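Final position of the sequence shown in the numbering used here is 135; the numbers increase by one with none missing.
The beta carbon of each residue, even a glycine, is placed where N, CA and C say it ideally should be.
Note that the coordinates shown come from a computational prediction; the quantities given were computed from them, not determined experimentally.
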Amino acid sequence: MFKCGPLGGYSLNKFRNENNFKYVNVAHDDLDANSFIIYTKGKFVATTDGYSRSKKSANHNTILVDGKGQIPPGRREGDVWTQPATGQTDMTQLAYITKFKDMGDVVISEGEVGRFYQNLRKFRRSFIWVNKNMF
C-alpha cells in the first residue's frame with residue numbers, strides 16, 4: 001500500500017475549498033503522506049508505527065527535512081491532534097498522486113508532498129510493485 005493524499009481526504013477538502021476554506025476536523029489523521037506498507041507471505045515486512053498520538057511524520061516511514069517532518073502550513077509539528085492548514089491553503093495541493101499506472105504484473109504510483117514540509121519545494125516518492133511470478 002502506498003498512501004499520498006491530503007489530510008482528511010479529497011472529498012472533505014473539496015467541501016472545505018468550496019466553503020471559503022472552512023475549518024474541517026482532521027484531528028485523527030496522521031502526517032504520513034508518501035508512506036508505504038508492504039505485506040507478504042502473511043507478515044508485514046515494512047510498516048509504519050500505526051495510529052500516532054503524537055502527530056509527527058517521523059512516526060511513519062516518511063522523510064525528515066532538517067530534522068522536521070510534514071507540517072500543515074501555519075501549524076506546528078507534534079501536537080496530539082492534527083489540524084488543517086491555516087488560511088486559504090488548498091490542502092489537496094500539499095499531498096497528491098502524480099502518476100499511477102497498473103499494468104497487471106507491475107503497478108507504479110508516485111506522490112508529491114513537498115509543500116507539506118517547511119523549506120522544501122518538491123518531494124516525490126515512487127512506489128513500484130512487481131509480481132514475483134512475472135520472472
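Residue span of the alpha helix (DSSP H) that contains residue i, given as start and end
i: GLY5; result: GLY5 -> no alpha helix (DSSP H), and no H or E assigned at all.
Counted within 10 angstroms of its Cβ, other Cβ atoms place residue i as buried (16 or more) or exposed
i: HIS60; result: buried
i: LYS14; result: exposed
i: ARG125; result: buried
i: VAL80; result: exposed
i: TYR51; result: exposed
i: TYR117; result: buried
i: THR62; result: buried
i: LEU64; result: exposed
i: GLY104; result: exposed
i: TYR69; result: Before going further, note that residue 69 is Gly rather than Tyr in the sequence given. Buried is the call here.
i: GLY67; result: exposed
Nonlocal neighbours in the same chain, by C-beta distance under 6 Å from residue i, ignoring five residues either side
i: VAL136; result: Absent from the structure is residue 136, since the part of the chain shown begins at 1 and ends at 135.
i: MET1; result: ILE37
i: LYS122; result: GLY114
Start and end residues, beta strand (DSSP E) containing residue i
i: TRP158; result: Here the chain covers residues 1 to 135 and nothing more, so residue 158 does not appear.
i: ILE38; result: 38 to 40
i: GLY111; result: 106 to 112
i: THR98; result: 96 to 102
i: LYS55; result: Here LYS55 belongs to no beta strand (DSSP E), and DSSP marks it neither H nor E.
i: VAL65; result: From DSSP, VAL65 is part of no beta strand (DSSP E); its letter is neither H nor E.
i: LYS43; result: 43 to 46
Whole-number beta carbon distance between residue j and residue i, since they are thought to touch under 8 Å
i: VAL26; j: THR82; result: 5 Å
i: TYR96; j: GLY8; result: With 8 Å as the limit, TYR96 and GLY8 do not qualify as a contact, their Cβ atoms being about 13 Å apart.
Cut-off 7 Å between Cβ atoms - residues of its own chain near residue i, not counting five sequence neighbours on either side
i: PHE127; result: PHE2, PHE36, SER109
i: TYR23; result: PRO84
Any C-beta of chain D under 8 Å from that of residue i
i: LYS56; result: Note that chain D does not occur in the displayed structure, where there is just one protein chain.
- [ ] Would you check if the stretch 46 to 56 and the stretch 21 to 35 touch, i.e. whether three or more CB-CB distances between them fall below 8 Å?
- [x] Touching, per the Cβ criterion.
Open item on the list: Any contact between the stretch 66 to 79 and the stretch 87 to 106? By contact I mean 3 or more CB pairs, one from each, below 8 Å.
Closed with: With the cut-off at 8 Å, the stretch 66 to 79 and the stretch 87 to 106 touch.
- [ ] Tell me, please, whether the stretch 99 to 116 touches the stretch 33 to 46 by the rule of three or more beta-carbon pairs shorter than 8 Å.
- [x] With the cut-off at 8 Å, the stretch 99 to 116 and the stretch 33 to 46 touch.
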